[in-house]
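Asker: Order-wise, the sequence lines are chains A and B. With numbering that gives the first Met the number 0 applied, the first sequence covers 0 to 360. With numbering that gives the first Met the number 0 applied, the second sequence covers 0 to 127.
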Amino acid sequence: MLHTPLHDWHAAHGGRMVDFAGWHMPVQYTSITEEHGAVRNDVGVFDISHMGRLRFDGEDACRFLDRLLTNHVEAVKPGRIRYSLVCNQDGGILDDVLIYRLADEYLLVVNASNREKLLAWIKDHETGFDVTRRDTTADTCMIAVQGPRAVEILAPLVSVDLTAMKYYNSVESGIEGEAALISRTGYTGEDGFEIIVDASQGSPLWQKLVDAGARPCGLGCRDTLRLEAAMPLYGHELDESIDPLTAGLAFGVKLDAADFIGRDALLAVRDNPTGRERVGLMLAGKRIAREGAELVSKSGEPVGTVTSGTFSPTLGKSIAMAYIHTSHARPGTEIEVDIRGKREPATLVPLPFYKRESPPS
Amino acid sequence: MDPNTLKFATSHEWVHLDDGTATVGISDFAVRELTDLVYIELPEVGRTVSIGDSFGEVESVKAVSDLYAPVAGEIVEVNEALRNDLSPLSDDAFGAGWIAKIKTDNSSETSELMDYNAYQKFCESEKG
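1) For chain A, is any of its Cβ atoms less than 8 Å away from the one on Lys139 (chain B)?
2) Kindly list, in the order they appear in chain B, the residues whose Cβ is closer than 7 Å to that of Lys285 (chain A).
3) Taking C-beta pairs closer than 7 Å, name the residues in chain B that Phe310 (chain A) reaches, listed in chain order.
4) Going by the beta-carbon positions, is the gap between Cys216 (chain A) and Val17 (chain A) smaller than 8 Å?
5) If we count the other Cβ atoms within 10 Å of its Cβ and call it buried at 16 or more, is His124 (chain A) buried or exposed?
6) List the residues of chain A whose Cβ lies closer than 9 Å to the Cβ of Thr103 (chain B), in chain order.
7) When you compare each of B:Gly24, B:His11, B:Leu16 and B:Phe7 to Leu85 (chain B) by their alpha carbons, which one comes out closest?
8) Run through chain B and tell me which residues come within less than 9 Å of Ile31 (chain A), C-beta to C-beta.
9) So with Cβ pairs under 8 Å, would you call Thr313 (chain A) a contact of chain B?
10) What residues are listed by DSSP as bridge partners for Phe13 (chain B)?
11) With 8 Å set as the bound, which would you pick, yes or no: does the beta-carbon of Thr223 (chain A) sit closer than that to a beta-carbon of chain B?
12) Give the residues from the segment 234-264 of chain A that approach chain B closer than 7 Å (Cβ to any Cβ), ordered along the chain.
13) Under 8 Å: do the segment 87-95 of chain A and the segment 237-247 of chain A share three or more Cβ pairs, one atom per stretch?
14) Whose C-alpha, out of A:Arg262, A:Pro272, A:Ala10 and A:Ser317, is nearest the C-alpha of Ala288 (chain A)?
15) In terms of alpha-carbon separation, which member of A:Gly191, A:Gly185 and A:Ala137 lies closest to Thr162 (chain A)?
16) Looking at C-beta atoms only, is the number of pairs between the segment 266-277 of chain A and the segment 148-159 of chain A that lie closer than 8 Å three or more?
17) Quick check: what's the CA-CA separation for Val295 (chain A) versus Met320 (chain A)?
18) My assumption, with CB atoms under 8 Å, is that Phe259 (chain A) sits in contact with Thr135 (chain A). Please give the rounded CB distance.
19) Mind checking if Gly43 (chain A) is an interface residue toward chain B, Cβ cutoff 8 Å exclusive?
20) Just to check my reading of the structure: Ala74 (chain A) and Ala256 (chain A) have Cβ atoms closer than 8 Å, yes? What is that Cβ distance to the nearest angstrom?
21) Alpha carbon to alpha carbon, how far is Phe55 (chain A) from Tyr166 (chain A)?
22) Chain B beta carbons: is any one of them nearer than 8 Å to that of Gln206 (chain A)?
23) Give the C-beta separation of Val157 (chain A) and Val42 (chain A) to the nearest angstrom, bearing in mind that I take them to be a contact with Cβ-Cβ under 8 Å.
24) Could you check if Ser199 (chain A) is buried or exposed, using at least 16 other CB atoms within 10 Å of its CB as the buried criterion?
25) Hey, Thr103 (chain B) and Val70 (chain B) are a contact pair by Cβ (cut 8 Å); roughly how many whole angstroms apart?
26) Would you identify the three-state DSSP class for Asp210 (chain A), choosing helix, strand or coil?
27) List, from N- to C-terminal side, the alpha helix (DSSP H) runs of 4 residues or more that fit wholly inside the segment 218-287 of chain A.
28) Counting only runs of 4+ residues fully inside the segment 81-136 of chain A, write out the alpha helix (DSSP H) ranges in chain order.
29) Are there three or more Cβ pairs, one per stretch, closer than 8 Å when the segment 114-121 of chain A is compared with the segment 167-181 of chain A?
30) Cα-Cα, which of A:His49, A:Trp8, A:His71 and A:Arg286 is closest to Arg82 (chain B)?
31) When you compare the CB of Gly219 (chain A) with every CB in chain B, is at least one pair closer than 8 Å?
32) Within 8 Å of any Cβ in chain B, is that where the Cβ of Gln88 (chain A) sits?
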């Protein structure tokens, strides 16, 4: 099992450790609901060092990434970040990623569960490009600071003006003299930052954030938070059988820019949609519609399948994301979910389930 | 209730036997393991259960777990208060958090159940 630089801290502080994509990670310290509430109302910290961090440079780095990614890398200015997909030739999603353009190289942050697969995919496709790739996952530590008090907690530790930093921007700065890459990004639906430091600096930074009042949060609430914010999770909403347009991720696909792998397939989907959509459900009862639960129309036909479900701590409701036939995808549509053999009533609702009041500009 | 007077199943239900009626709940250990409870499905009063039958379920944010009948007999009462408030399960697992009462039949066998001491050791081994 792989360990992050913060592993021993988690184990020593009540982290309930589980196997996540080969990493020994805390799912919670106290309770998912309490940690969830800390991020929505105060500030929490997450160890996300399991995420893959691949750096690219060389003459053709940009050209290569524009072949690999569905977004338009060439248009990304230094200091900016874009969400993107990596697709196969059929338009199936291999991963969803963030691409950072730094001063003189690129950083690709990928899902832990897909890192090995992507490395193999990249090796298969980089022939003919002058590009150098480094997997810095093991050498660095990545910490997310998320919640309305994120700026307040982090500002005293850094030399840059965080309030001036825009969403999906990054800055290479220092944290008490040590190099750090700080981005205004996150996977919770709150304001917040993700910080990458050398592996040796992970524990000191984590401890400073905790001492300043940030609550340690596990992967359990990371899942409930991202679900409320309707952010897809690879292996649930996304996999190789789903294309980005069906998944509602057209904003991460630039069909009219570079000739990326899978572009032809996605042009075909644009012209002939698959007839399925990613939607949100709110259940009348409290039972959770988990992955795989079937959606049944009022007239009794199967019309879709749940991809993730949870009990939303913020809304006090059972919520789920699902793929459903377009004919049943209108918000307000009433359907039933088959939860272990029992039909539970649910209503389609617009996504996201939760949106913070004043997002940073 | 004093847990030392209870018997425990490996599936974490507890039983208190009193003159042919078994009060059944789930242990504090099980509640802590589940955490963040959101829903309980109580058994139907009048239903007859055999040992090991699934007679309800308890759901947390993380997972759903079946409740298994630790004794055989007829469900004679359920803890209606839990339908609207699950907090007794975590606050008072061996008392106010009781789930159902089962009128045991003559065949009811409790020799497979553990006493509290043995159950605590069992939980230690489950934690790994």
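Where a beta carbon is used, it is the ideal one built from N, C-alpha and C, also for glycine. All values derive from a computational prediction rather than experimental measurement.
Answerer: Based on what the coordinates show:
1) Residue 139 (chain B) is absent from the model: chain B starts at 0 and stops at 127.
2) Val37 and Tyr38
3) Val37 and Val60
4) no
5) exposed
6) Per Cβ cutoff of 9 Å: no residues; Thr103 (chain B) is ~28 Å from chain A at best.
7) B:Gly24
8) Thr34, Asp35, Ser59, Val60 and Lys61
9) no
10) Note on residue identity: the sequence assigns Trp, not Phe, to residue 13 (chain B). According to DSSP, which records beta bridges pairwise, Trp13 (chain B) is partnered with B:Phe7 and B:Gly24.
11) yes
12) none
13) yes
14) A:Ser317
15) A:Gly191
16) no
17) 14 Å
18) Not really, about 24 Å apart at Cβ, beyond 8 Å.
19) no
20) 7 Å
21) 23 Å
22) no
23) That pair is no contact at about 15 Å.
24) exposed
25) 5 Å
26) helix
27) 218-227 and 262-270
28) 114-124
29) no
30) A:Arg286
31) yes
32) no
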